[in-house]
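Just so you know, the sequence shown maps onto residues 151 to 252 in my numbering. Working notes, structure below.
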Amino acid sequence: MRVITKRALREFWEKHSNAQAGLILWYQRISDSNFKNFNDIRQLFHSADLVKNFTVFNISGNNYRLITYIDYEYQIIFIRAVLTHAEYDKENWKNDDWFENS
């Protein structure tokens with residue numbers, strides 16, 4: 151899959167260095183894979199959750215959350231947010247227009 155954009159990951163791990171290894175591993179696994187649907191994602195990422203239009207990944211032992219939108223037809227994964235668990239719990243990421251309307 152093509153990831154749009156890796157820069158969001160890099161910017162996050164520059165602020166949260168403990169997330170770097172987990173985000174790089176996630177990026178490598180996603181980039182090397184082709185997924186047809188959410189069930190395919192769950193085969194590789196057992197803790198991934200589908201929340202409305204977003205797929206949420208736990209990163210680094212659930213310390214961080216990666217919010218994505220996946221276009222399976224075109225094999226593109228859009229990074230919508232990378233958050234600490236505390237930021238995720240505030241649920242501000244649900245204000246994203248893509249949450250229900252993409």
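We treat Cβ as the ideally placed atom computed from N, Cα and C, and that holds for glycine.
Residues in its own chain within less than 7 Å of S181 by CB, not counting five upstream and five downstream?
Working through the sequence shown from its first residue, we reach residue 181 at position 31. Exclusion of the five residues before and after S181 leaves M151, V153 as the residues of its chain whose Cβ lies within less than 7 Å of its Cβ.
So if DSSP puts N208 in a beta bridge, which residue, or which two residues, is it bridged to?
The residue labelled residue 208 in the question sits at position 58 within the sequence shown. Paired residue(s): R215.
For A231, the three-state DSSP class (helix, strand or coil):
Looking up residue 231 in the sequence shown gives position 81. A231 falls in the strand class under three-state DSSP.
For G172, which residues from the same chain have a beta carbon less than 6 Å from its beta carbon, with the 5 sequence-adjacent residues on both sides left out?
Taking the sequence shown and counting its residues from 1, one reaches residue 172 at position 22. Setting aside the 5 residues that flank it on each side, G172 is surrounded in the same chain by I209, S210, each with a C-beta closer than 6 Å to its C-beta; the list follows chain order.
Going by DSSP, name the residue or residues bridged to I191.
Looking up residue 191 in the sequence shown gives position 41. The beta-bridge partner set that DSSP reports for I191 is empty.
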